[in-house]
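Colleague: I'd like to ask you about the structure that follows.
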Amino acid sequence: MKTLINGRLIVPDESGNFVIAQGQALNFGAEIFSIGEPVGSEIIDVQGAFVSAGFINVHIHGADSVDTMDDDIAALKRLAKFLPTTGVTSFLPTTMTMPLEKIHGALTRIRAAKKFSDGARILGAHLEGPFISKKFHGAQNPADIIPADFALIEPFADVIKIITVAPEECPDEFITRCRRRSIVVSIGHSAAASDEALRAIDLGANHITHLFNAQTGIHHRQGGVALAALISHATVELIADDVHVCPAAQCLVAKCKPRSEIVLVTDSFRACGVGDGESSLGGQKVFVRGTLATLADGTIAGSVASMNTVLKNFRANVGWDVAACVELVTKNPALELNLYDKLGSLEAGKLADITCFDDNFNIVGTFIGGHEI
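In our numbering, the protein residues as written are 346 to 718.
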């Protein structure tokens, strides 16, 4: 058994809100054994670092030069090995709007890759498209957008955990059938008016893909998806890279939404962790300069941010304490995926997926199933 000492443990209090516990040791093997007095034979001194449950990323296309849509399962293995360096211990590889056979191929590889034991856990897939709006395709290829048909994804219902759709483009039955199969339905790449979005939320589409981006926004005469997201109970994804969502808009979300309804994501693609230059996303050329990635026409094309970076930005922009911010990358995604009994918090009996980071959110240690990565 291992024991982490001298850490600032981020743990749930009696009400479930995350707080910082000091002077406590974390004892664990493959699962967390206890929090309190040190009892392990292997002592690990984290020298004052924050210690939290491992980060969960529910929207990520790629990083470290590889992408979910690459026609090789080795790409998923490489991605899973890279992500712990950013604090991520589990994730949903996210597909792109491409020809259906390529999407099915990606889902087949993701299903097989869930068995990997070397790197971040693959929990399933986030299917972004192809059932979206051509008016708000963003960096998705509009030529590959098709009408929503549950039969096209039913063979992969076991692996799809989140699906992004434009509700104005799909029948009600599609949403209800997804929900019956425990697939989270997310509104994104959508031209829906606020009343259409609210109706879809009532039907069960209770997640919003990359809030403010590739969707109708906020207007006092004709509201859109973003307005519906802020006044409803839907959980919103926020890319807090300060490019997709500016600091002021992040503050707006923090004031409008309870923290239980915000999930930080990266929406990163293969250029994350690589640096400036030419890259690709969904078969399209992308140009990266600093924190900005764009298509040739200037359209923002995914992010190059890591999870610890978006967490750092959100904390700096909204002023919440570190423990509260950590809920947005641990507890909230775990709850939404119905995995909070296993992941998402440091509690006895849960999997020992652990992330350690310093005051600047630099990752200083990551454990998955008790093994240091």
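Note that CB positions come from ideal geometry on N, CA and C, so glycine has one too.
Can you tell which of Ser651, Gly647, His555 and Leu640 has the C-alpha that lies nearest to the C-alpha of Phe427?
Modeller: Of the candidates Ser651, Gly647, His555 and Leu640, the one whose C-alpha sits nearest the C-alpha of Phe427 is Ser651.
Colleague: Who are the near neighbours of Glu518 in its chain, counting only those whose CB is closer than 8 Å to its CB and skipping five residues on each side?
Modeller: For Glu518, where only same-chain residues beyond five positions count, the Cβ hits under 8 Å are Phe495.
Colleague: Is it a yes or a no for the segment 423 to 438 touching the segment 396 to 411, going by three-plus beta-carbon pairs under 8 Å?
Modeller: At 8 Å Cβ cutoff, the stretches touch.
Colleague: Assuming Ser648 and His552 make a contact with CB atoms under 8 Å, what is their CB distance in whole Å?
Modeller: Wrong, their Cβ atoms sit about 18 Å apart, outside the cutoff.
Colleague: Which runs of the beta strand (DSSP E), 3 residues or longer, sit entirely within the segment 493 to 567?
Modeller: Whole beta strand (DSSP E) segments, 3+ residues: 505 to 510 and 529 to 532.
Colleague: Return the chain-ordered list of same chain residues with a C-beta closer than 6 Å to the C-beta of Val411, the five sequence neighbours on each side being excluded.
Modeller: So the qualifying residues of the chain are Ala420, Arg423, Leu424 and Arg615.
Colleague: How big is the Cα-Cα spacing for Lys630 and Cys515?
Modeller: Approximately 29 Å, taken between the alpha carbons.
Colleague: Taking the alpha helix (DSSP H) that Phe614 belongs to, which residues open and close that run?
Modeller: From DSSP, Phe614 is part of no alpha helix (DSSP H); its letter is neither H nor E.
Colleague: Output the distance between the C-alpha atoms of Asn372 and Asp416, rounded to the nearest integer angstrom.
Modeller: Looking at the two C-alpha atoms, the distance is approximately 40 Å.
Colleague: According to DSSP, simplified to helix, strand and coil, what is Val633?
Modeller: Looking at Val633 - three-state DSSP - the assignment turns out to be strand.
Colleague: Evaluate Pro603 with the Cβ neighbour count: other Cβ atoms within 10 Å of its Cβ, from every protein chain shown; 16 or more gives buried, anything less gives exposed.
Modeller: It counts as exposed.
Colleague: Given this structure, state the Cα-to-Cα distance separating Leu543 from Ser577, to the nearest angstrom.
Modeller: The alpha-carbon atoms of Leu543 and Ser577 are separated by roughly 7 Å.
Colleague: Whole angstroms are fine: how far does the CA of Asp686 sit from the CA of Thr711?
Modeller: Going by the C-alpha atoms only, they are around 20 Å apart.
Colleague: With a Cβ-Cβ cutoff of 9 Å, do Val510 and Ala470 count as a contact?
Modeller: Not in contact: Val510 and Ala470 (Cβ atoms no closer than 9 Å).
Colleague: Any chance the segment 604 to 612 sits against the segment 382 to 397, with 3 or more Cβ pairs inside 8 Å?
Modeller: No, they do not touch.
Colleague: Who does Leu452 pair with in a DSSP beta bridge?
Modeller: BP columns for Leu452 are empty, so no partner.
Colleague: Quick one: what's got a C-beta closer than 6 Å to Val384's C-beta in the same chain, skipping five residues either side?
Modeller: Correct list, in chain order: Asn372.
Colleague: Looking at the secondary structure, which residues open and close the alpha helix (DSSP H) in which Ala599 lies?
Modeller: Here the alpha helix (DSSP H) through Ala599 covers Pro592 to Cys601.
Colleague: Give the straight-line distance between the Cα atoms of Ala465 and Phe378, rounded to the nearest whole angstrom.
Modeller: Straight-line Cα distance between these residues: approximately 21 Å.
Colleague: Measuring CB to CB, does Ile389 end up less than 9 Å from Ile350?
Modeller: A contact, by the Cβ cut-off of 9 Å.
Colleague: Note the first and the last residue of the continuous alpha helix (DSSP H) segment covering Phe427.
Modeller: Ile418 to Phe427 is the span of the alpha helix (DSSP H), which, as asked, contains Phe427.
Colleague: Smallest Cα separation from Lys303: which of Gly643, Ala679 and Ala559?
Modeller: The question about residue 303 has no answer here: the residues shown for the chain are numbered 346 through 718.
Colleague: Give the single residue among Leu497, Gly568, Cys523 and Ile380 whose Cα lies nearest to the Cα of Lys695.
Modeller: Comparing Cα-Cα distances from Lys695 to each of Leu497, Gly568, Cys523 and Ile380, the minimum goes to Ile380.
Colleague: Measuring straight from C-alpha to C-alpha, what distance separates Ala408 and Val619?
Modeller: Straight-line Cα distance between these residues: approximately 8 Å.
Colleague: Mark Pro670 as exposed unless 16 or more other C-beta atoms lie within 10 angstroms of its C-beta, in which case mark it buried.
Modeller: Residue identity check: residue 670 is Cys in the sequence provided, not Pro. Burial call: buried.
Colleague: Do the CB positions of Thr453 and Asp489 come within less than 9 Å of each other?
Modeller: Not in contact: Thr453 and Asp489 (Cβ atoms no closer than 9 Å).
Colleague: Can you give the beta carbon distance from Ile439 to His482, rounded, assuming they're within the 8 Å contact cut?
Modeller: The sequence shown places Thr at residue 439, not Ile. Not quite, the Cβ-Cβ distance comes to about 16 Å (not below 8 Å), so this is no contact.
Colleague: Helix, strand or coil for Ser605 per DSSP?
Modeller: Residue state, collapsed to three classes: helix.
Colleague: Return the residue from the list Ile507, Val655 and Ile645 that minimises the CA-CA distance to Ile611.
Modeller: Reading off the sequence shown, one finds Thr at residue 611, where the question assumed Ile. Closest by alpha carbon: Val655.
Colleague: Considering Cα atoms alone, identify which of Asp358, Glu359, Ala366 and Met346 is closest to Gly352.
Modeller: Nearest option by C-alpha distance: Ala366.
Colleague: Kindly indicate which three-state DSSP category Ile783 falls into: helix, strand or coil?
Modeller: This structure does not reach residue 783, given that the chain is present from 346 up to 718, and the question cannot be answered.
Colleague: Go to Phe659, then tell me how far its beta strand (DSSP E) extends in each direction, as first and last residue.
Modeller: It is not in any beta strand (DSSP E) - Phe659 instead sits in the alpha helix (DSSP H) that spans Met652 to Val663.
Colleague: Taking the alpha-carbon of Leu556 as reference, which of Gly450, Ser531 and Pro444 has the nearest alpha-carbon?
Modeller: With distances taken between Cα atoms, Leu556 lies closest to Ser531.
Colleague: Express the C-alpha separation of Asn486 and Gly731 in angstroms, rounding to a whole number.
Modeller: Given a span of 346 to 718 for the chain in the structure shown, any question on residue 731 remains unanswerable.
Colleague: If you run the structure through DSSP and keep just helix, strand and coil, what is Leu688?
Modeller: In the structure shown, Leu688 sits in coil (DSSP, three-state: anything other than H, G, I, E or B).
Colleague: Given Ala386, which residues of its chain have a CB within under 7 Å of its CB, disregarding the five upstream and five downstream residues?
Modeller: The sequence as given places Ser at residue 386; Ala does not occur at that position. Closer than 7 Å at Cβ, skipping near neighbours: Met346.
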